[in-house]
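Okay, structure first, notes after.
In my numbering, the protein residues as written are 21 to 802.
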């Protein structure tokens, strides 16, 4: 009778167990890998958004720099009565725009031209070589706004010369608002005058108002009254953005699709720039808005396939997947062994399974701690080779973990440091479990170097034999840089020729530099603990200081001129910039003031300004000053139907005195005559020395011609009084020519010419010593 096989209880379960483990293990592994992949993809997405934010912020900074360039141009025009074209060209060429400020198409100046000055303005521009120059579009208006300077003066920028933007609402509205607010403003999207059908692209204009030097600018009305024009820069958007991306983000710009829109809309009509149009994006778009001098730009950025090619965000997921599959296969194999052992090994299998699971969890936990450490961890064998290392160490040396394992430790150091590494290894091995630290320079696999603090401790077996050295490396490169930066900052602080003062939040002075002492007279010991009020001169009222602190509180800084008092009591003028320093919570911790003594510079400027308009010998107004005053007086005479007169005076018998007694005696005679003339005219009249022994007197207003003749006789009588120079008693006389408006001319030049001709007739004896100009067409005055 055949032997019957009695089924073993639970055999179907053991047969199905390997398959169940395989299915569950693969499923759990796939879920965990997918979770890891999703998490790392989110991290990669966040990194992409950060890079987009950096790109937009960098562009905002670039536009701030371009506005600062225009402030420098505005300063050039405000500081000079007249900027020559060659001077402006040299100034712009000195900026080296293509090299240091790529993307700026050009820099120009728009002047405000009153309607009454248009003809003179056009004539002056044509005299400079622009024969076909005119203000365009044509037509009457008051005032005109004409582009008179633009550099570089190439074929594109030449198209803007003479353009009047007052008829263009988009341009003029922004320029007018910039003048009212006293700051640089930028237009929205528009078509530049420089554009042609060739390579046409959208553009914007950046305006910086230029005000008359020394004029008050506290209110909108004052700023409008002082406005001379605008420094401006035409910016071609595509050219600007492409050069920015090529110089700052050459790699990133090849990996993204970028659209830039004017304003905060994404409508096609507002689009100004497009990078890689039509390219297939791999990821959602990131939208960022930039505030650019009163105008808003919207950046829409999408990653392309090439971007993610450089971002490995599924490495850990692959490790989890591979580890899970290996572990699952091991469990399947173990379950098959369990199946063969049946129920007699079931208890042991359960215990082994629990032990293995606990061990795997502990190993995973330790490995996670090991690899997620912020410092590099490694185990070095007695022969100096690296046996184990964590992921942080591989990242620190810019390599993969397998490249580190088995490598000699001293090869991670520069050649000059390698002998010291062996000495350190021997010293640590000789110590009985006591850690030893050293700060040294390491060399990365890509050739770069960094500073690290290495702490090592010897690892011994039960018999005291050294098994190796456990080492920890902390990257302290940033600390080195910060320390170097602090040393540099301290050196600059102490050596700076600019006075620097630092106060705490309560405005108590906590630090000053030597330049502060040199300018104010107060030493550090005398001033620390005091408030800046100790320097106050009393020349500024409470409203001034209220506005100063309001600006610091609102904008974070204030810049301007202060009249302060030196320790010795005298006043000095300083140009000062005060900035607010806040902590991470926005609380004020310090105020920093940086200033320069500009007293001598201001005095020199005043002397230069005086000499530019006055005769060096007599102190009288010179020809340029006379023409300016005469033009103003003539304009008033035309408006209010007044009469004015020009007296042209030439000294008689002066040349023999100069030749016989020398120029020093002649100069005394000229100053004496100047003093006598000033004493006899009104304050509203102007006495001018044209040069040599010629003087011109402008009577801004008179009521009857008899008074003019009487004044001429009085002046001649006063000049004929003897001049005492030392022991000499000298006498001169004068020939005087008179021309009046409107009888003898309707321009300053014509009146001076007619008076000069009349004087000449008197001097040659063809007329009395006081001669009145004839009719305007009188040949005698030709």
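For every residue, glycine included, the Cβ atom is placed at its ideal position computed from N, Cα and C.
Taking the alpha helix (DSSP H) that residue 476 falls in, what are its first and last residues?
In the chain shown, residue 476 corresponds to position 456, counting from 1. Counting along the chain, residue 476 sits inside no alpha helix (DSSP H); it lies in the beta strand (DSSP E) bounded by residues 469-480.
Taking three-plus beta-carbon pairs below 8 Å as touching, is the stretch 130-147 in contact with the stretch 258-277?
No: fewer than three Cβ pairs fall under 8 Å.
Under 8 Å between the Cβ atoms of residue 670 and residue 754?
Taking the first residue of the chain shown as position 1, residue 670 is located at position 650. Taking the first residue of the chain shown as position 1, residue 754 is located at position 734. Residue 670 is a Cβ neighbour of residue 754, given a cutoff of 8 Å.
Cβ-based burial, residue 213 [other Cβ within 10 Å; buried from 16]
Along the chain shown, one-based indexing puts residue 213 at 193. Flag for residue 213 reads buried.
Out of 423, 315, 268, which one is the CA nearest neighbour of residue 206?
The sequence position of residue 206 within the chain shown is 186, counting from 1. Checking every option, the nearest Cα to that of residue 206 belongs to 315.
Could you have a look at residue 192 and say whether DSSP puts it in helix, strand or coil?
For the purposes of this step, residue 192 is taken as the residue at position 172 of the chain shown. Residue 192: helix per DSSP, three-state reduction.
Exposure label - residue 101; buried when at least 16 CB within 10 Å:
To locate residue 101, count along the chain shown from 1; it is residue 81. An exposed status is given to residue 101, since fewer than 16 other beta-carbon atoms sit within 10 Å of its beta-carbon.
Continuous beta strand (DSSP E) stretch holding residue 256: start and end:
Locating residue 256 in the chain shown gives position 236, where the first residue counts as 1. For residue 256, the uninterrupted beta strand (DSSP E) segment begins and ends at 247-256.
Between which residues of its own chain and residue 210 is the CB-CB distance below 8 Å, once the five residues before and five after are set aside?
Residue numbering aside, residue 210 sits at position 190 when the chain shown is read from its first letter. These residues qualify, in order along the chain: 190, 191, 222, 223, 224, 225.
Nearest-angstrom Cα distance between residue 499 and residue 513?
Translated into positions along the chain shown, residue 499 becomes position 479. Translated into positions along the chain shown, residue 513 becomes position 493. Approximately 21 Å between the Cα atoms of the pair.
Once you ignore the five residues that flank residue 622 on each side, which residues in its own chain have a CB closer than 7 Å to its CB?
Stepping through the chain shown from its first residue, residue 622 is reached at position 602. These residues qualify, in order along the chain: 593.
Cutoff 7 Å; reference residue 451; Cβ partners in own chain excluding five residues on either side
Numbered from its first residue, the chain shown carries residue 451 at position 431. Here the set comprises 478.
At least three beta-carbon pairs within less than 8 Å, the stretch 283-290 to the stretch 161-178:
Flag = no, the stretch 283-290 and the stretch 161-178 do not touch.
Nearest neighbour of residue 108, chosen from 248, 134, 77, 172 [CA to CA]:
Residue numbering aside, residue 108 sits at position 88 when the chain shown is read from its first letter. Among 248, 134, 77, 172, the Cα nearest to that of residue 108 belongs to 172.
For the stretch 641-683, list the beta strand (DSSP E) runs that are entirely contained and at least 3 residues long, ordered along the chain.
Fully enclosed beta strand (DSSP E) runs of 3 or longer: 664-672.
Using DSSP's beta-bridge definition, name the partner residues of residue 833.
The shown model of the chain, from 21 to 802, leaves out residue 833, and the question about it has no answer.
By DSSP's criteria, residue 595 is part of a beta bridge. Which residues make up the other side?
Translated into positions along the chain shown, residue 595 becomes position 575. Secondary-structure assignment with DSSP links residue 595 through a beta bridge to 581, 616.
For residue 785 and residue 733, what's the separation of their Cα atoms in angstroms?
For the purposes of this step, residue 785 is identified with residue 765 of the chain shown, where counting begins at 1. For the purposes of this step, residue 733 is identified with residue 713 of the chain shown, where counting begins at 1. Looking at the two C-alpha atoms, the distance is approximately 17 Å.
CA-to-CA distance, residue 175 to residue 641, given in whole angstroms:
As a position in the chain shown, residue 641 is number 621, starting the count at 1. As a position in the chain shown, residue 175 is number 155, starting the count at 1. Using only the alpha carbons, I get a separation of about 43 Å.
Suppose you measure from the CA of residue 633 to the CA of residue 706; what does that come to, to the nearest Å?
By 1-based counting over the chain shown, the position of residue 633 is 613. By 1-based counting over the chain shown, the position of residue 706 is 686. When rounded, the distance between both Cα atoms is 13 Å.
Three or more C-beta pairs closer than 8 Å, one from the stretch 62-73 and one from the stretch 227-234: is that the case here?
Output reads no: the stretch 227-234 does not touch the stretch 62-73.
Taking the C-alpha atoms as reference points, what is the distance between residue 721 and residue 98?
Here residue 721 corresponds to residue number 701 of the chain shown, with the count starting at 1. Here residue 98 corresponds to residue number 78 of the chain shown, with the count starting at 1. For residue 721 and residue 98, the distance between alpha carbons rounds to 32 Å.
Put residue 323 into one of helix, strand or coil per three-state DSSP.
Residue numbering aside, residue 323 sits at position 303 when the chain shown is read from its first letter. Three-state result, residue 323: strand.
So residue 155 is in the beta strand (DSSP E); what residue range does that whole segment cover?
Here residue 155 refers to the residue found at position 135 of the chain shown. No beta strand (DSSP E) contains residue 155, which DSSP labels as neither H nor E.
Could you tell me the distance, in whole angstroms, from the CA atom of residue 73 to the CA atom of residue 83?
In the chain shown, the residue the question calls residue 73 occupies position 53. In the chain shown, the residue the question calls residue 83 occupies position 63. Between the alpha carbons of residue 73 and residue 83 lies a distance of about 16 Å.
Using 8 Å for Cβ pairs, my map puts residue 465 next to residue 419. What's the rounded Cβ distance?
Here residue 465 refers to the residue found at position 445 of the chain shown. Here residue 419 refers to the residue found at position 399 of the chain shown. Going by Cβ atoms, the distance from residue 465 to residue 419 rounds to 4 Å, so yes, they are a contact pair.
Consult DSSP for residue 692 and reduce its assignment to one of helix, strand or coil.
Residue numbering aside, residue 692 sits at position 672 when the chain shown is read from its first letter. Three-state DSSP puts residue 692 in a helix.
Residue 307 to residue 518 span [Cα, whole Å]
Looking up residue 307 in the chain shown gives position 287. Looking up residue 518 in the chain shown gives position 498. When rounded, the distance between both Cα atoms is 43 Å.
Inspect the beta-carbon positions of residue 182 and residue 166 and report whether they are closer than 8 Å.
The residue given as residue 182 occupies position 162 in the chain shown. The residue given as residue 166 occupies position 146 in the chain shown. Cβ atoms of residue 182 and residue 166: closer than 8 Å.
I need the straight-line Cα distance from residue 259 to residue 186, nearest angstrom please.
Here the question's residue 259 lines up with position 239 in the chain shown. Here the question's residue 186 lines up with position 166 in the chain shown. When rounded, the distance between both Cα atoms is 27 Å.
For residue 446, does the count of other Cβ atoms within 10 angstroms reach 16, so buried, or fall short, so exposed?
Reading the chain shown from its first residue, position 426 is the one you call residue 446. It counts as exposed.
Rounded straight-line distance, which links the Cα of residue 147 to that of residue 288
The residue labelled residue 288 in the question sits at position 268 within the chain shown. The residue labelled residue 147 in the question sits at position 127 within the chain shown. Those two C-alpha atoms are separated by around 47 Å.
Expected contact under 8 Å - CB spacing of residue 490 and residue 472 to nearest Å
Locating residue 490 in the chain shown gives position 470, counting from the first residue. Locating residue 472 in the chain shown gives position 452, counting from the first residue. The C-beta distance from residue 490 to residue 472 rounds to 16 Å, too long to fall under 8 Å, and the pair is not in contact.
C-alpha gap between residue 539 and residue 586, whole angstroms
By one-based count along the chain shown, residue 539 stands at place 519. By one-based count along the chain shown, residue 586 stands at place 566. The straight-line gap from Cα to Cα measures roughly 8 Å.
Please give the ranges of any alpha helix (DSSP H) in the stretch 417-446, keeping only runs that are unbroken, at least 4 residues long and fully inside the region.
Annotation note: the stretch 417-446 contains the following uninterrupted alpha helix (DSSP H) runs of length 4 or greater, listed N- to C-terminal: 421-424.
From residue 727 to residue 647, what does the alpha carbon distance come to, in whole angstroms?
Taking the first residue of the chain shown as position 1, residue 727 is located at position 707. Taking the first residue of the chain shown as position 1, residue 647 is located at position 627. Taking the straight line from one Cα to the other gives about 23 Å.
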